[in-house]
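To get the working numbering, take the position in the sequence shown, counting from 1, and add 26. By construction, the Cβ of each residue, glycine as well, lies at the ideal position given by its N, Cα and C atoms. Structure first, then comments.
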Amino acid sequence: MEYQDSERATELAERAREFVDEVVIPRERELEGGTKVPEAVIEELREEAKARDLYAPHIAEEHGGMGVDFRDVLPLFEEAGRSLLGPVAMRVDAPDEGNMHTLELAGTESQQERWLKPLVAGELTSAFAMTEPRQGSGSDPKMIKTTAERDGDEWVINGHKWWTTNGGEADFFITFARTDQDVHPYEGCSLIVVPADTPGFEVKRDIPHVGDDITSKVHSEIRYDDVRVPVENLLGKEGEGFTIAQKRLGPARLTHCMRYSGMAGRALDVAKAYTSEREGFGGPIADKQDVRYEIAEAETNLHAARTMVRHAADEISRGNEARVEVSMCKYFTANVTEEVINTALQFCGASGLGKDLPIADFYENVRQFRIVDGPDEVHKRVIARDAYDDVDPEELSQLPTFGED
Ligand SMILES: Cc1cc2nc3c(=O)[nH]c(=O)nc-3n(C[C@H](O)[C@H](O)[C@H](O)COP(=O)(O)OP(=O)(O)OC[C@H]3O[C@@H](n4cnc5c(N)ncnc54)[C@H](O)[C@@H]3O)c2cc1C
Numbered sequence: 027m028e029y030q031d032s033e034r035a036t037e038l039a040e041r042a043r044e045f046v047d048e049v050v051i052p053r054e055r056e057l058e059g060g061t062k063v064p065e066a067v068i069e070e071l072r073e074e075a076k077a078r079d080l081y082a083p084h085i086a087e088e089h090g091g092m093g094v095d096f097r098d099v100l101p102l103f104e105e106a107g108r109s110l111l112g113p114v115a116m117r118v119d120a121p122d123e124g125n126m127h128t129l130e131l132a133g134t135e136s137q138q139e140r141w142l143k144p145l146v147a148g149e150l151t152s153a154f155a156m157t158e159p160r161q162g163s164g165s166d167p168k169m170i171k172t173t174a175e176r177d178g179d180e181w182v183i184n185g186h187k188w189w190t191t192n193g194g195e196a197d198f199f200i201t202f203a204r205t206d207q208d209v210h211p212y213e214g215c216s217l218i219v220v221p222a223d224t225p226g227f228e229v230k231r232d233i234p235h236v237g238d239d240i241t242s243k244v245h246s247e248i249r250y251d252d253v254r255v256p257v258e259n260l261l262g263k264e265g266e267g268f269t270i271a272q273k274r275l276g277p278a279r280l281t282h283c284m285r286y287s288g289m290a291g292r293a294l295d296v297a298k299a300y301t302s303e304r305e306g307f308g309g310p311i312a313d314k315q316d317v318r319y320e321i322a323e324a325e326t327n328l329h330a331a332r333t334m335v336r337h338a339a340d341e342i343s344r345g346n347e348a349r350v351e352v353s354m355c356k357y358f359t360a361n362v363t364e365e366v367i368n369t370a371l372q373f374c375g376a377s378g379l380g381k382d383l384p385i386a387d388f389y390e391n392v393r394q395f396r397i398v399d400g401p402d403e404v405h406k407r408v409i410a411r412d413a414y415d416d417v418d419p420e421e422l423s424q425l426p427t428f429g430e431d
């Protein structure tokens with residue numbers, strides 16, 4: 027197994043770190059706690075990322091990116107995650123990043139011209155609408171209720187979605203809908219692009235939530251009432267919705283892990299600086315053994331998470347789905363980064379909760395990671411299913427028997 031980052035990956039990550047330290051973090055620090063970053067600042071940061079050749083690294087050059095392989099882009103995503111503004115600046119922010127990947131994977135040339143290229147350029151914003159309220163698609167996406175029926179040259183979509191990130195701001199929505207009621211949902215769902223200005227499409231509200239930070243992504247509730255779009259808006263083939271979504275979600279779960287590892291790493295850096303300077307009980311807080319042990323545990327767990335992600339990313343780069351490994355990374359990294367950020371916050375005392383430091387925003391933001399893109403329990407389900415798949419009949423025969431049984 028190859029855990030070493032390549033020369034190309036290391037060089038990119040070093041430049042990304044410089045960019046985040048020199049340009050992104052100073053802009054982040056200028057914002058008052060809770061202030062949403064102005065569009066003009068995002069544009070400036072993106073221009074600087076382009077000038078430094080650090081913009082949309084994961085996307086093919088022909089689509090406006092840098093064409094860096096998934097494995098090589100990994101440490102850059104970690105560096106980007108050290109500031110909530112980093113991913114937005116380098117155009118590796120969710121959900122646009124995953125949607126770009128979906129359009130690259132399944133889009134036709136004309137769909138890529140219309141939606142992918144402007145999305146990469148930052149001229150458009152996108153959303154991925156899968157989750158539904160009540161008895162609809164959630165942890166179990168087979169519960170999907172949204173339908174798309176073919177009527178001549180159009181799809182007619184009816185449904186109700188929520189928690190759609192970017193909902194109130196997106197220009198188009200990759201919509202997960204049931205297109206065939208007569209087969210299992212795994213074969214009967216499709217992905218259809220719905221432009222936000224289509225009649226019958228309505229964003230009802232942006233849902234108030236924990237983690238409303240400086241990048242202030244909105245998560246919205248949406249109605250589709252007889253929404254008509256041309257049949258050409260279908261992504262991939264009819265019935266391929268689950269297959270494409272799975273291909274999108276695997277890498278997207280790992281890129282979440284990369285960004286959140288960067289966030290947790292920065293939280294630790296801040297806590298180490300704070301505890302080194304702050305004194306009490308006869309010396310720096312950093313000298314207290316309890317603190318040192320907890321920092322050691324945090325460093326160890328974060329290292330384990332980052333190593334696991336490198337392994338899974340290697341597998342994906344080789345063309346393997348790595349479903350179990352991705353679930354292990356997603357569930358483990360979500361818990362580790364939450365714990366690490368919580369520890370860092372504790373060691374900064376009241377300043378950890380204040381918004382002068384970035385940790386309070388990280389603390390609010392990281393909680394979602396154990397739920398988005400499948401809660402912990404769903405990933406453990408995948409891991410356990412695989413674990414029980416290969417129960418050895420030989421082992422069964424070795425189990426003790428009792429009396430006549
Ligand atoms: C900040 C944020 C952004 C999001 N962005 C998007 C987006 O852009 N697009 C989109 O489509 N969705 C989005 N989501 C929705 C997210 O993907 C879902 O919340 C997630 O898949 C879980 O679905 P649910 O909320 O309906 O939970 P439910 O399905 O209602 O499950 C509730 C809880 O039950 C438990 N549970 C579920 N299944 C099992 C099981 N088999 N065994 C044991 N326990 C179980 C888990 O603890 C789970 O958290 C977002 C959510 C958040 C919080």
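- Counting only runs of 4 or more residues that sit fully inside the region 158-219, the alpha helix (DSSP H) segments are 211-214, in chain order.
- Residue 347 carries a coil assignment under DSSP once its states are collapsed to helix, strand and coil.
- Partner residues in the beta bridge of residue 261, as assigned by DSSP, are 217.
- In terms of side-chain proximity, the C-beta atom of residue 394 is found nearer than 6 angstroms to a non-hydrogen atom of ligand 1.
- Between residue 205 and residue 216, the C-beta spacing is below 7 angstroms.
- Shortest gap from the CB of residue 397 to any heavy atom of ligand 1: under 6 angstroms.
- For residue 286, the enclosing alpha helix (DSSP H) stretches over residues 267-303.
- Only residues of its own chain outside the window of five on either side were considered, and among them none has a CB closer than 6 angstroms to the CB of residue 313.
- With respect to the 7 angstroms criterion, residue 270 and residue 276 are not classified as neighbours on the basis of their beta carbons.
- The region 51-62 makes no contact with the region 352-370: fewer than 3 CB pairs, one atom from each, lie closer than 8 angstroms.
- Rounded to the nearest angstrom, the gap between the Cα atoms of residue 220 and residue 120 is 19 angstroms.
- The C-beta distance from residue 154 to residue 124 rounds to 7 angstroms, short enough to fall under 8 angstroms.
- The residue from 211, 267, 231, 252 with its alpha-carbon nearest to that of residue 218 is 267.
- Taking residue 101 as reference, the option from 174, 160, 29 with the minimal CA-CA separation is 29.
- Short of 7 angstroms from the beta carbon of residue 338, and not among the five residues preceding or following it, lie these beta carbons of its own chain, in chain order: 280, 348, 351, 352, 355.
- Remark: the shortest separation between the CB of residue 126 and any heavy atom of ligand 1 does not fall under 6 angstroms.
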